[in-house]
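**Student:** Each residue of the sequence shown is one higher than the one before, starting from 1 at the first, in the UniProt record's numbering.
Beta carbons are placed, not taken as given, at the ideal position from N, Cα and C, and that holds for glycine.
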Amino acid sequence: MTYIKEISPIKKLNIFHVFQPIINLSNDEIIGFEALIRSEEIPNPEVLFQKAKNEGLLYELDMLSIRMACETFKKDCLQEECNTSTLFINIFPSTLCHQNFYEEFIEIIEKVSLDFQNIVIEINEKENTNMYKLNENIQQLKQVGFRIALDDLGKGNSFVNSMEIDTHIAKIDRFYAMNLNESSKKKLFIQSIMKSFPTDIFIVLEGIETEADCQVAKKLGIHYGQGYHFGRPGPIKNFI
Ligand SMILES: [Ca+2]
């Protein structure tokens, strides 16, 4: 009963999800979609999550968002695309460390009937987290097949903490894609990030908006791209 009572103010926020494609830069094919939360009541997702956090409902909102993102992805993706396409989901470190997370998350994925291997969990480092606990939980998720991405690399001090996380994918913050074509500093920074990871880690550059910046990303050997140049966030049917 308490649980139902607690989530009711969140349900009133009328949340839903849009999806943004992630592109393989070597063949321009879509490899997956990042689910992005939207709310009719609070358009800015950061404000939305901050409000939930202030009210002690961050875990409830994050779990509701995860469930709805998976359901929408499954419903809107044609079956064959769902089987080959990857869903990137943003999850807060505090959610990953919550004692009920693992069981509830597995239940959602199984109920929606998505393959664990086709889910990438995007983690950002904005929260202060118990790194030991976070890594322990990440290992558990990896063991059953989920893949892990570090989100917004290079934003704030995220790069420092993120080095402690054993990841499959590194997403470089959109700041570094903006006018990349004209900035040798940004090129050098991206190269240094790429060098700091083992060669089997896939690098995504977020926020690519122009063909010129896309070409530089390709030349730098970045694996995947995301941004308005490939598609604005929207319903999946816009892309398949
Ligand atoms: Ca993200």
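#1: Is there at least one non-hydrogen atom of ligand 1 closer than 7 Å to the beta-carbon of residue 122?
#2: Determine the extent of the alpha helix (DSSP H) in which residue 94 is found, giving its start and end residues.
#3: Taking 8 Å as the cut-off, does the stretch 198–207 touch the stretch 113–122 (at least 3 CB pairs, one atom from each stretch)?
#4: Given this structure, state the Cα-to-Cα distance separating residue 230 from residue 37, to the nearest angstrom.
#5: Under the DSSP definition of a beta bridge, which residues are partnered with residue 174?
#6: Using a threshold of 7 Å, is the CB atom of residue 267 nearer than that to any non-hydrogen atom of ligand 1?
#7: Assuming residue 15 and residue 63 are in contact, meaning their beta carbons sit under 8 Å apart, how far apart are those beta carbons, in whole angstroms?
#8: Do the stretch 17–29 and the stretch 55–62 meet, that is, are 3 or more Cβ pairs less than 8 Å apart?
#9: Straight-line CA distance for residue 3 to residue 66?
#10: Closer than 8 Å by C-beta to residue 114: which residues in its own chain qualify, once you throw out the five before and the five after it? Chain order, please.
#11: Assign residue 43 to one of two classes, buried (16 or more other C-beta atoms within 10 Å of its C-beta) or exposed (fewer than that).
#12: Is residue 30 near residue 189, with beta carbons less than 8 Å apart?
#13: Could you give the first and the last residue of the continuous beta strand (DSSP E) run that contains residue 39?
#14: Any idea which residues DSSP pairs residue 58 with across the strands?
#15: Taking 7 Å as the cut-off, is the beta-carbon of residue 90 closer than that to any non-hydrogen atom of ligand 1?
#16: To the nearest angstrom, how far is the alpha carbon of residue 26 from that of residue 217?
#17: DSSP state of residue 114, grouped into three classes?
#18: Could you tell me which of 213, 206, 221 sits nearest to residue 233, measuring between CA atoms?
#19: Quick one: using the 10 Å Cβ neighbour count with 16 as the cut-off for buried, is residue 84 buried or exposed?
#20: Looking at the unbroken beta strand (DSSP E) that takes in residue 14, where does it start and where does it end?
#21: Which residue comes first and which comes last in the alpha helix (DSSP H) that contains residue 190?
#22: Is residue 166 a contact residue of ligand 1, with contact defined as CB to any heavy atom under 7 Å?
#23: Return helix, strand or coil for residue 47, following the three-state DSSP convention.
**Tutor:** Checking against the coordinates, here is how it stands:
#1: yes
#2: 93–96
#3: no
#4: 19 Å
#5: BP columns for residue 174 are empty, so no partner.
#6: Nothing can be reported for residue 267, as the shown portion of the chain is limited to 1 through 240.
#7: Between residue 63 and residue 15 the Cβ distance is about 12 Å, and since that is not below 8 Å, they are no contact.
#8: no
#9: Residue placement at residue 3 cannot be trusted, given a pLDDT of 47 that sits under 50; what the coordinates show is reported in the next sentence. The alpha-carbon atoms of residue 3 and residue 66 are separated by roughly 17 Å.
#10: 70, 73, 74, 82, 87
#11: exposed
#12: no
#13: 29–39
#14: Partner(s): none; residue 58 has no beta bridge.
#15: yes
#16: 10 Å
#17: coil
#18: 206
#19: exposed
#20: Neither: residue 14 is in no beta strand (DSSP E) and is coded neither H nor E.
#21: 184–196
#22: no
#23: helix
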